[in-house]
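The next block holds one structure in the form of structure tokens; read it before the comments.
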Amino acid sequence: MKLPIVGLLFSRASLPFSYWNDRAQTFRASPPNVFDNQSIEILQQAIAEPNTTRQISFRPFEIFLGNAPQLGQDEWTWRVNISEFSLPHLAQNTTEANLGRNVTDPHYIATSYSLSWSRGGNLSSGGLRGSDSPFCVTSLDVEFSPNVTNLWTEENGNSTDCEPVLGEACLEALYVSDRTLNRDGCDGSMPSWKTVPECNATFGYGAVIHGARTSDLNPNVTRNSTSMGGGDTPPVTSGSEILGFGSGLVDGADAREAYLNASNRVQILIFNTFPRIHVDIG
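The number in this note's numbering is simply the position in the sequence shown, starting from 1, with 362 added.
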């Protein structure tokens, strides 16, 4: 079963970033090479106490209401946290020799995602009600141009499929081209979204895609799955952090604008799974 693409918009405004050439980090991979133990502790604390939090609730398995009414009625919540913090103790290391540019007042902006479900517990027993299927999640670190972001308005703010921004034709094309889920797990096989003709007006029009990451969030039963950008994700529990990405080190003079840009972005997740529904008889 392919679940809908879910979108979350923080606000209508959006401006493109001008640099940030060292963004390729995720919280389950190694942090920037200039990070020390103190930096990692500050990062973890900032994620736990974000500056901005937004969330959206949805029922991912509504199409199963007829055959599996309990699964179909379960409500999930996707939460996006934005954290901005300074790392003054790193200033002596954030030099052109280490970063390719000088950052005299190092700051960092972290975006982290969490999922929770009404039954609580871990994903397999609680979120999927005992299903042992792989649960592939693809996140995109993407920045749209303002004319695309502004397609999201107050009137369609409750939409969870991104159609107001991406359009129906683009969504259908992405469903067809998505190969992230296979029998063994999640292999991260996705085409470049910028090359999908039906998405030319969005991903193909000034969008900056810094990277994509596919992870299996139910790997305890799919140990052969692979994942783009850092290996399998450990089993997750309701409300725990699942994915994230960072800005790279930003100078303090640019930190406010960078934080606002991160807070104003359209966030996109793709869920892909085929729940094996267990039915108790008797």
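No residue lacks a Cβ here, since even glycine has one placed at the ideal position from N, Cα and C.
Inclusion of N413 and Y621 in the CB contact set at 9 angstroms is warranted, their separation being smaller than that value. In this structure, L528 sits near C561, with a CB-CB distance shorter than 9 angstroms. Counting only the Cα atoms, L405 lies some 25 angstroms from N484. In this structure, C532 places its C-beta atom within 9 angstroms of the C-beta atom of A563.
For T456, the number of other beta carbons within 10 angstroms of its own is at least 16, and it is reported as buried. Going by beta carbons, I418 and W440 fall inside the 9 angstroms limit.
Rounded to the nearest angstrom, the Cβ distance from S478 to G606 is 16 angstroms, too far for a contact under 8 angstroms. Across the structure, L611 and I604 are spaced so that their CA atoms are roughly 22 angstroms apart. Of the candidates E437, I630, F423 and R545, the residue whose Cα lies closest to the Cα of T511 is I630. Here A535 has V558, E560 and C561 as same chain residues with Cβ atoms under 7 angstroms from its own Cβ, once five neighbours each way along the sequence are excluded. Within the segment 435-497, the runs of alpha helix (DSSP H) at least 4 residues long that lie entirely inside it are, in chain order, 458-461.
For the segment 494-546, the continuous alpha helix (DSSP H) assignments of 4+ residues that do not extend past its boundaries occur at 508-511, 525-528 and 530-539, in sequence order.
Here DSSP, grouped into helix, strand and coil, assigns G566 to coil. Looking from the CA of S521, the closest CA among S554, V628 and F397 belongs to V628. Under the three-state reduction of DSSP, S554 is assigned to coil, being neither helix nor strand.
By the CB criterion at 9 angstroms, D494 and I632 fall outside the cutoff. Residue burial annotation: S554 is exposed, with fewer than 16 other C-beta atoms found within 10 angstroms of its C-beta.
Only residues of its own chain outside the window of five on either side were considered, and among them I409, N443, E603 and G606 have a CB closer than 6 angstroms to the CB of S474, listed in chain order.
One thing to note: P496 has its Cβ within 9 angstroms of the Cβ of D546. Secondary structure note for G606: its beta strand (DSSP E) is the uninterrupted segment E603 to G608. When only Cα atoms are considered, T415 and V538 end up about 32 angstroms apart. Pairing H572 with S501, the inter-Cα distance amounts to about 11 angstroms.
Going by C-alpha positions, S401 is about 7 angstroms away from L449. DSSP places R416 inside the beta strand (DSSP E), whose first and last residues are T414 to F420.
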